[in-house]
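Under the numbering used here, the residues of the sequence shown are numbered 184 to 365, in order.
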Amino acid sequence: MSVPEEHRRGAPRRLRFAIVVVSTSRYRALQEGREVPPDITGDIIQALVFGAGHEVVSRCVAPDDVRMLRDILKAKMARGVDAIIFAGGTGLSPDDVTIEAIRPLLDKELPGFGELFRHLSYNRVGTAAMLSRALAGVRQGVVIFCLPGSPDAAELAVRELILPEVGHMIKHARERRGHELP
Numbered sequence: 184m185s186v187p188e189e190h191r192r193g194a195p196r197r198l199r200f201a202i203v204v205v206s207t208s209r210y211r212a213l214q215e216g217r218e219v220p221p222d223i224t225g226d227i228i229q230a231l232v233f234g235a236g237h238e239v240v241s242r243c244v245a246p247d248d249v250r251m252l253r254d255i256l257k258a259k260m261a262r263g264v265d266a267i268i269f270a271g272g273t274g275l276s277p278d279d280v281t282i283e284a285i286r287p288l289l290d291k292e293l294p295g296f297g298e299l300f301r302h303l304s305y306n307r308v309g310t311a312a313m314l315s316r317a318l319a320g321v322r323q324g325v326v327i328f329c330l331p332g333s334p335d336a337a338e339l340a341v342r343e344l345i346l347p348e349v350g351h352m353i354k355h356a357r358e359r360r361g362h363e364l365p
């Protein structure tokens with residue numbers, strides 16, 4: 184057995200995900216009953232999660248609002264999810280507040296996630312990869328990811344980083360906290 188296989192042994196196989204697409208314009212349009220274009224990023228994330236044999240138990244759109252993002256995080260955790268993916272609000276605009284909302288709530292941050300994401304992104308978009316503030320961490324045994332809102336960036340993160348390791352992350356996050364794995 185290889186080292187990665189040995190480390191992953193005992194990781195849960197079927198996980199419960201929540202997806203939160205962070206977009207103030209999309210959120211406002213939905214609240215006002217206006218027509219909203221398809222949510223390509225959310226659709227890609229959901230398809231990849233389902234395709235890997237996991238379950239999406241919740242999917243919503245949220246505005247770039249620190250308090251609302253924190254409330255959503257807590258509500259999704261109360262539903263017993265294993266992982267939460269926030270897509271959007273990670274850029275440099277003053278309106279991009281996903282990182283500011285989520286980072287202070289993490290028990291542990293996983294700096295390697297952002298580093299690897301930017302490395303992989305660099306191979307696709309060049310130096311613009313440094314503009315991403317992609318983030319991952321753990322809160323009370325739940326793994327949380329904050330991704331850029333672009334469909335290509337979200338697909339890259341989910342396909343190449345999240346799905347291969349999320350079970351392994353949850354295994355370690357919970358064994359140290361005394362949580363039982365499913």
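The beta-carbon is built from N, C-alpha and C at its ideal position, and this holds for glycine as well.
How long is the line joining the alpha carbons of residue i and residue j, rounded to whole angstroms?
i	j	result
residue 245	residue 272	10 Å
residue 349	residue 342	11 Å
residue 234	residue 198	12 Å
residue 247	residue 206	6 Å
residue 224	residue 323	27 Å
residue 286	residue 215	30 Å
residue 209	residue 338	20 Å
residue 262	residue 213	23 Å
residue 352	residue 309	29 Å
residue 358	residue 196	15 Å
residue 434	residue 243	With the chain running from 184 to 365 in the structure shown, residue 434 is simply not present.
residue 165	residue 346	The structure shown has nothing for residue 165, since the chain only spans 184 to 365.
residue 317	residue 228	15 Å
residue 217	residue 354	42 Å
residue 241	residue 303	28 Å
Please confirm whether residue i and residue j have their CB atoms less than 7 Å apart.
i	j	result
residue 204	residue 226	no
residue 270	residue 332	yes
residue 321	residue 291	yes
residue 340	residue 300	yes
residue 275	residue 314	yes
residue 319	residue 293	yes
From the options, pick the residue whose C-alpha is nearest to that of residue i; which is it?
i	options	result
residue 201	289, 216, 267, 358	267
residue 260	210, 330, 211, 326	326
residue 298	352, 256, 312, 289	312
residue 180	293, 328, 335, 319	Outside the shown range of the chain (184 to 365) lies residue 180, about which nothing can therefore be said.
Checklist entry - Does the region 246-261 come within contact of the region 276-289, defined as at least 3 CB pairs closer than 8 Å? => result yes
Next on the checklist: At 3 residues or longer, what runs of the beta strand (DSSP E) sit wholly inside the region 228-266?
Outcome noted: 238-245
Item to check | Segments assigned beta strand (DSSP E), at least 3 residues, entirely inside the region 259-336 | outcome: 266-270, 318-322, 325-330
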